[in-house]
Amino acid sequence: QISVKAPPMISVAGCYNNKHKRQGGFSLLEMLIVILVVGLLYSFAGSMLTLSVSDPMTTEVDRLRERVQLAQDETLVRSQPLALGFYEHGYGFFVQNAENQQWQPLKQDDLLGVHAIPDNFEQVLFLQGQAVRLPAEKALQPQVFILPTGEMMGFEWQLLDSKSRKSSVQFDTSGRLVDAANKEN
1 QISVKAPPMI SVAGCYNNKH KRQGGFSLLE MLIVILVVGL LYSFAGSMLT LSVSDPMTTE
61 VDRLRERVQL AQDETLVRSQ PLALGFYEHG YGFFVQNAEN QQWQPLKQDD LLGVHAIPDN
121 FEQVLFLQGQ AVRLPAEKAL QPQVFILPTG EMMGFEWQLL DSKSRKSSVQ FDTSGRLVDA
181 ANKEN
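In this text, residue positions in the sequence shown follow this note's numbering: the first is 1, and each later residue adds one.
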């Protein structure tokens with residue numbers, strides 16, 4: 001009988017035989033997997049930190065800015081003016097009654113209804129560059145009128161906290177956002 005010797009096998013890692021064991025170290029694939037896992041953990045931690053560190057003052061100013069922009073859109077859709085009024089501890093939106101032309105607060109609307117700001121903030125309203133004294137909630141009246149043409153009465157609203165930080169939002173008479181700056185004094 002003739003015996004035929006089989007040729008040696010080449011392993012997938014590229015070694016000619018099993019006598020050459022792999023030396024210490026990591027492959028490129030292993031390093032990429034570790035970097036991917038660390039990146040994912042870092043992004044999750046960063047997003048959780050951002051959620052827990054949000055500034056309530058900035059949140060309130062952003063909320064008013066978004067609601068005014070929503071009211072501008074609503075005036076176009078309804079083809080009827082809306083108004084915004086501020087009081088000592090918040091603000092509310094108004095609609096004009098078609099029958100008697102009186103301004104009535106929007107009470108049924110969750111977004112454009114009356115909104116109270118937290119007690120630890122003080123608000124200042126500027127109309128035509130002058131600070132306006134804010135009434136009590138029971139005397140809430142329209143102060144800023146938003147027209148279906150896109151025009152509105154320009155105003156600036158500032159929010160102050162006990163640490164003398166100030167955040168503000170300002171709209172011009174064309175209804176454009178002028179300033180949404182956070183300032184520290």
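Where a beta carbon is used, it is the ideal one built from N, C-alpha and C, also for glycine. All figures in this text were calculated on a predicted structure; none of them were measured in a lab.
Item: Cβ pair SER167, THR58 closer than 7 Å; Value: yes
Item: Segment limits, beta strand (DSSP E) that includes VAL124; Value: 122-127
Item: Reduced DSSP category for ALA45 - H, G, I as helix; E, B as strand; rest coil; Value: helix
Item: N-terminal and C-terminal residue of the alpha helix (DSSP H) that ALA71 is part of; Value: 56-78
Item: Contacts around ASN100, its chain only, beta-carbon distance under 6 Å, and the 5 residues preceding and following it disregarded; Value: none
Item: Alpha-carbon to alpha-carbon, VAL95 and ALA180; Value: For ALA180, the predicted structure reports a pLDDT of 49, less than 50, and the residue's modelled location is therefore unreliable. The matter cannot be settled from this model.
Item: Bridge partners - PHE171, DSSP secondary structure assignment; Value: PHE155 and LEU177
Item: PHE199 vs LEU41 beta-carbon contact at 7 Å; Value: The shown model of the chain, from 1 to 185, leaves out residue 199, and the question about it has no answer.
Item: Per-residue DSSP class, three states only, for ILE117; Value: coil
Item: C-beta contact flag for SER93 and LEU76 at 7 Å; Value: Position check: residue 93 holds Phe in this sequence, whereas Ser was assumed. Contact flag unset, no.
Item: C-beta atoms of VAL132 and VAL61 nearer than 7 Å; Value: no
Item: Under the three-state DSSP convention, the category LYS138 falls into; Value: helix
Item: Counterpart residues of PRO105 in DSSP-defined beta bridges; Value: PHE94
Item: Straight-line gap, ALA83 to TRP157 (C-alpha atoms, nearest Å); Value: 15 Å
Item: C-alpha gap between GLN72 and GLU151, whole angstroms; Value: 9 Å
Item: Pairwise C-alpha distance: PHE26 and ALA116; Value: 59 Å
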